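Notes follow once the structure below has been shown.
Right, here's the structure in full:
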């Protein structure tokens, strides 16, 4: 991976679990002295900006904003979704270990990598497109 840069995109609400997790990870990074650049942005700030880095993680509720995430995906080596409710319960050290593992993959391994739930960003994007097509095909109710 290029520059060890991780971007995490979360929801815009007041009680944002993704932002809390990012804050806990940054504190852990300072304590351990690991050299990673982790940044958090809300989806509102990401919509009209361009970002690049190694890893892009988006909160699962942002599936509703898949077009924004898709636009950003071409600038990252790995794109994944995190279930904010599940990750609020885990140790930030565990997530950092997972990100470090992903960071050390070569490009071929990275393309074949499936997260624990076996879904990649492209799976989510494909399902989203299928759902949109089905909605368009449904006949109008009279």
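In our numbering, the protein residues as written are 3 to 144.
C-beta atoms are modelled at their ideal positions from N, C-alpha and C, and glycine is treated no differently.
The structure displayed is predicted, hence computed values, not measured ones.
The Cβ-Cβ distance between residue 40 and residue 21 does not fall below 7 Å.
The residue from 35, 75, 65 and 66 with its alpha-carbon nearest to that of residue 54 is 75. One thing to note: residue 38 has its Cβ within 7 Å of the Cβ of residue 31.
Residue 70 is positioned such that its CB atom lies closer than 7 Å to that of residue 49. For residue 61, the closest alpha carbon among the candidates 99, 79 and 24 is that of 24. The C-alpha of residue 81 lies about 17 Å from the C-alpha of residue 51.
Apart from sequence neighbours up to five positions away, the residues of its chain that approach residue 7 with a beta-carbon distance below 7 Å are 39, 55 and 56, ordered along the chain.
Residue 45 and residue 10 have their C-alpha atoms some 10 Å from each other. Around the CB of residue 13, 16 or more other CB atoms lie within 10 Å, so the residue is classed as buried.
Sequence-distant partners of residue 18 (beyond 5 residues in either direction) whose C-beta falls short of 7 Å from its own C-beta, in its chain, are 12. A check of alpha carbon separations from residue 78 across 26, 34, 58 and 99 identifies 58 as the nearest.
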